[in-house]
Structures are given as structure tokens and as C-alpha cells.
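S.K.: Residue numbers are given in the numbering used here: position 63 of the sequence shown equals residue 316, and the series is strictly consecutive. Ideal Cβ positions, reconstructed from N, Cα and C, are used throughout, including at glycine.
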Amino acid sequence: MYHLNFLQVFRNTSKNYVANSYKLNFRYLLSRSMSTTTQDDKVRKVGVIGAGQMGTGIALVIANIAQLHVKIYDTNPKQIDKGLELINKLIEKDVSKKRITSEHAESTKSRIGTISKIEELDDTDFVIEAVSENVNLKCKIFEDLDNTLKKDIILATNTSSISITKIAAATKRPEKVIGMHFMNPVPVMKLVEIIPGLATSEETLNITKNLTVKMGKTCTQSLDVPGFIANRILIPYINEAIIALEQGIGTKEDIDTTMKLGTNVPMGPLTLADFIGLDTCLAIMKVLHNEIGDTKYRPAVLLQKYVDAGWLGKKSGRGFYQY
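1. What residues in its chain sit with their C-beta under 8 angstroms from that of Phe481, if we drop five residues either side in the sequence?
2. According to the Cβ coordinates, are Leu602 and Ile371 closer than 8 angstroms?
3. Since Thr461 and Ile407 should fall inside the 8 angstroms C-beta cutoff, what is the C-beta to C-beta distance between them, to a whole number of angstroms?
4. Can you have a look at Lys393 and say buried or exposed, based on whether 16 or more other CB atoms are within 10 angstroms of its CB?
5. Are the CB atoms of Thr361 and Ala316 nearer to each other than 8 angstroms?
6. Which of helix, strand or coil does DSSP assign to Ile353?
7. Could you check where the beta strand (DSSP E) with Lys298 kicks off and where it finishes?
8. Does the separation of the CB atoms of Ile417 and Gly450 fall below 8 angstroms?
9. So, for Ala423: in the same chain, excluding its five sequence neighbours on each side, which residues have a beta-carbon less than 6 angstroms away from its beta-carbon?
10. When burial is assigned at 16 or more other CB atoms within 10 Å of the CB, is Glu386 buried or exposed?
11. Determine whether the beta carbon atoms of Leu498 and Ile508 lie at a separation below 8 angstroms.
12. Extract the residue ranges of the alpha helix (DSSP H) inside the segment 484-558, only unbroken runs of 4 or more that lie entirely within it.
13. Per DSSP, what kind of secondary structure is Ala422 in: helix, strand or coil?
14. According to DSSP, Gly566 sits in a beta bridge with which residue or residues?
15. Out of Leu321, Gly310, Met307 and Leu313, point me to the one whose CA is closest to Leu464's CA.
16. Does DSSP classify Val466 as helix, strand or coil?
17. Might you give, ordered along the chain, the residues of its own chain that have their beta carbon closer than 7 angstroms to the beta carbon of Pro552, omitting 5 neighbours on each side?
18. Please report the distance separating the alpha-carbon of Val560 from that of Pro438.
19. So is Glu359 buried or exposed if we call it buried at 16+ other beta carbons inside 10 Å?
20. Lys324 and Glu373: beta carbons closer than 8 angstroms?
21. Within the same chain, show all residues whose beta-carbon is closer than 7 angstroms to that of Glu428, passing over the 5 residues directly before and after it, in chain order.
22. In the DSSP assignment, find the alpha helix (DSSP H) that holds Thr401 and state where it starts and stops.
23. Does DSSP put Leu444 in a helix, in a strand, or in coil?
24. Is Thr377 helix, strand or coil by DSSP?
25. Since I believe Glu382 is in contact with Pro479 (beta carbons under 8 angstroms), could you give me their beta-carbon distance rounded to a whole number of angstroms?
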């Protein structure tokens with residue numbers, strides 16, 4: 254579930270960060286409004302698969318910053334309703350804070366639509382899948398998209414650790430499949446990791462990078478390896494903090510405070526794990542361990558126990574901390 258108060262996570266430690274992010278996005282919008290359309294602008298309409306935490310954030314940025322039309326699809330109609338409710342609340346909050354005008358808000362809302370069948374994505378140019386980190390589920394979705402949609406539509410996955418090449422192999426258009434790893438929360442975080450698979454074409458890569466820039470994001474490029482750049486470094490760091498807690502090296506507060514102040518980051522690793530979702534952290538660690546085979550990537554026993562108990566972090570009300 255997408256938490257409506259996600260910006261509160263940053264409030265005490267990085268008050269200026271959110272404001273600066275909006276300033277950067279508006280500078281981009283201003284420069285874009287003054288420029289002419291180029292032949293590189295091949296994406297006019299985007300589809301988003303999944304109306305959860307990541308999908309709604311991606312859809313909002315596409316409509317608000319890139320100013321493109323976006324269609325949201327989810328197998329659960331109630332989840333779509335929740336996603337739209339969140340998007341509207343975030344937009345209205347921006348209006349109340351005078352970050353955007355009422356006219357801009359209405360224009361953004363007019364570019365966001367929902368659909369009940371994936372066939373309705375056939376008039377898009379680019380589809381971004383943003384479902385849970387499950388390789389079988391993602392491969393099934395990509396197989397269905399490939400069998401249903403026009404062959405020139407680019408298919409992107411918002412995976413944070415799974416092989417792009419493996420997902421692309423579920424389709425007959427591997428040259429049109431690419432990874433786009435958005436950071437959470439999408440409307441605030443500036444980074445998107447771009448990951449070409451083994452067969453991804455240069456054209457697909459360039460179109461994806463161009464779309465990312467339109468969304469006001471900075472993109473980095475990673476090889477198609479487990480965890481890519483961000484999670485290859487971040488999640489083992491979180492896992493090691495959980496092991497330190499498990500072994501009694503320090504309390505959760507001491508571990509978080511040490512890393513927060515000692516490395517000058519907005520939050521400690523255990524707080525961050527709660528925000529990401531302990532189930533997501535565990536899934537990524539399992540991918541790293543299974544794919545690489547090194548024992549240093551073995552998930553912490555305590556992490557597995559918390560997930561088994563349903564203590565998934567902020568989204569469930571309890572993780573290493575209670576919410």
C-alpha cells in the first residue's frame with residue numbers, strides 16, 4: 254500500500270530535499286515548455302502496469318512532469334481506486350502549497366486514465382511494469398503484453414534486482430525490453446537506473462533515456478547483473494545492519510544513529526529497511542544469494558523471521574519499529 258504520509262520520512266533530516274526536488278522539476282518544465290519537439294520525442298502515451306506504491310508514483314510523474322498521457326492498469330479495481338485517490342491528494346497538496354497552479358493540477362489529472370484490460374494499452378508507445386518483485390509474475394506479465402500489444406511498443410520493467418535478459422526471454426521482442434529501476438518515493442527521488450538486457454537495442458536504450466529525462470530524472474546505466482548498482486550495494490548494507498542487530502552488536506537505535514550521523518545520510522539502515530519493506534529487502538537478498546552464490550549475500554535469519562511474522566515495515570504497521 255502507498256502511504257499518504259511518505260514525505261514525513263524525510264521531514265526531520267532533509268527538509269530542503271523535497272523542496273529542491275520540486276524546484277528542479279519546475280525548472281525542467283519551464284525549459285521544456287520553451288523548447289520545440291524533436292524527432293527523439295517518440296513516446297507520446299505511456300502505460301503503467303500496477304497501481305501500487307511504485308506504479309502510482311511513476312504515473313504521477315509521467316503526467317505531471319513529462320506532461321504525457323498515461324494509462325494505469327491493475328488486476329485489482331480497488332487498488333486502482335486507491336491509486337487515483339492518492340494521486341489526487343498529492344496533486345491537491347501541491348496546489349495548497351502553491352507548488353503548482355489549479356490549472357496545472359487539472360491539466361495533470363486530465364492526462365491520467367485507468368483501464369480494465371491490457372488490450373487497452375495497444376495505443377501506447379511505452380509500457381512500464383511496476384508489480385511486486387517476483388520473477389515468475391513479471392515474466393507472465395511480459396509474455397501477456399508481448400502476445401497482446403503491437404510489436405513496436407517498448408516494454409520496461411521496474412525491477413530492482415531481477416535479470417532483464419530473463420524477463421525479455423519471455424517475449425518475442427527482447428530488443429524492445431529494458432529495465433527502469435525507479436527509486437522510492439518516485440515523485441521525490443531523482444534517480445532512475447537504466448538496465449539494458451543482453452538483446453536490448455540501442456534505439457530502445459536511447460528512447461528510454463530520453464523519457465527518463467522528460468520525467469525530470471537523472472539516469473545512470475548498469476549492467477544486467479543481480480541487484481544492478483543501487484541494490485547490489487544498498488541491500489547487503491541493510492542486511493549487515495540486521496545481522497548486527499541479531500548478534501546484539503548494538504540496539505536498533507544505536508545502529509541507525511551510528512550510520513545516520515556517521516555517514517551523513519537521511520536515515521539509518523533499519524529505518525530505511527522498514528520504509529522499503531522487509532519483504533522487498535528479503536526478495537532482493539534472495540536474488541543476490543541465488544544468482545551470485547556468495548555466502549556474503551545470504552539473507553539475515555532475523556529478516557526472514559520478521560517477514561514470516563508479517564512484520565514488513567511501515568506498510569504493515571510494524572517492522573524494526575512500530576508505526
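M.R.: Reading off the structure:
1. If you number the sequence shown from 1, residue 481 lands on position 228. These residues qualify, in order along the chain: Ser413, Ser414, Gly432, His434, Glu446, Ile448 and Ser475.
2. The requested residue 602 does not occur in the structure, where the chain is confined to residues 254 to 576.
3. Within the sequence shown, numbered from 1, the residue matching residue 461 stands at position 208. Within the sequence shown, numbered from 1, the residue matching residue 407 stands at position 154. About 7 angstroms; that satisfies the 8 angstroms criterion.
4. The residue labelled residue 393 in the question sits at position 140 within the sequence shown. Counting the other Cβ atoms within 10 Å of the Cβ of Lys393 gives fewer than 16, which makes it exposed.
5. For the purposes of this step, residue 361 is taken as the residue at position 108 of the sequence shown. For the purposes of this step, residue 316 is taken as the residue at position 63 of the sequence shown. Contact: yes.
6. Within the sequence shown, residue 353 is the residue found at index 100, counting from 1. It is coil, neither helix nor strand.
7. To locate residue 298, count along the sequence shown from 1; it is residue 45. Element bounds for Lys298: Lys298 to Ile302.
8. Position 164 of the sequence shown, counted from the start, is the residue given in the question as residue 417. Position 197 of the sequence shown, counted from the start, is the residue given in the question as residue 450. The answer is yes: Cβ separation under 8 angstroms.
9. Position 170 of the sequence shown, counted from the start, is the residue given in the question as residue 423. Around Ala423: Cys392, Phe395 and Glu396.
10. Here residue 386 is taken as the residue at index 133 of the sequence shown, counted from 1. Result: buried.
11. Within the sequence shown, the letter at position 245 stands for residue 498. Within the sequence shown, the letter at position 255 stands for residue 508. The answer is yes: Cβ separation under 8 angstroms.
12. Every alpha helix (DSSP H) stretch that sits fully inside the segment 484-558 and reaches 4 residues is listed by chain position as 505-516, 522-529 and 531-545.
13. As a position in the sequence shown, residue 422 is number 169, starting the count at 1. DSSP, read as helix, strand or coil, puts Ala422 in coil.
14. For the purposes of this step, residue 566 is taken as the residue at position 313 of the sequence shown. Bridge partners of Gly566 according to DSSP: Arg571.
15. Along the sequence shown, read from residue 1 onward, the residue named residue 464 stands at position 211. Of the candidates Leu321, Gly310, Met307 and Leu313, the residue whose Cα lies closest to the Cα of Leu464 is Leu321.
16. Taking the sequence shown and counting its residues from 1, the one referred to as residue 466 is at position 213. In the three-state reduction of the DSSP assignment, Val466 falls in the helix class.
17. Within the sequence shown, the letter at position 299 stands for residue 552. The answer, listed in chain order, is Asn492, Leu535, Met538, Lys539 and His542.
18. The residue you call residue 560 lines up with position 307 of the sequence shown. The residue you call residue 438 lines up with position 185 of the sequence shown. If you take the alpha carbons of Val560 and Pro438, they lie about 22 angstroms apart.
19. Working through the sequence shown from its first residue, we reach residue 359 at position 106. Answer is exposed; the Cβ neighbour count stays below 16.
20. The residue labelled residue 324 in the question sits at position 71 within the sequence shown. The residue labelled residue 373 in the question sits at position 120 within the sequence shown. Yes.
21. Position 175 of the sequence shown, counted from the first residue, corresponds to residue 428. Cβ neighbours of Glu428 beyond the five flanking positions: Ala452, Thr453, Ser454 and Thr457.
22. Walking along the sequence shown from the start, residue 401 turns up at place 148. From DSSP, the alpha helix (DSSP H) with Thr401 extends over Val388 to Thr401.
23. The residue labelled residue 444 in the question sits at position 191 within the sequence shown. Here Leu444 sits in strand by DSSP.
24. For the purposes of this step, residue 377 is identified with residue 124 of the sequence shown, where counting begins at 1. Coil, per DSSP.
25. Start at 1 with the first residue of the sequence shown, and residue 479 comes out as number 226. Start at 1 with the first residue of the sequence shown, and residue 382 comes out as number 129. Not a contact, Cβ separation roughly 19 angstroms.
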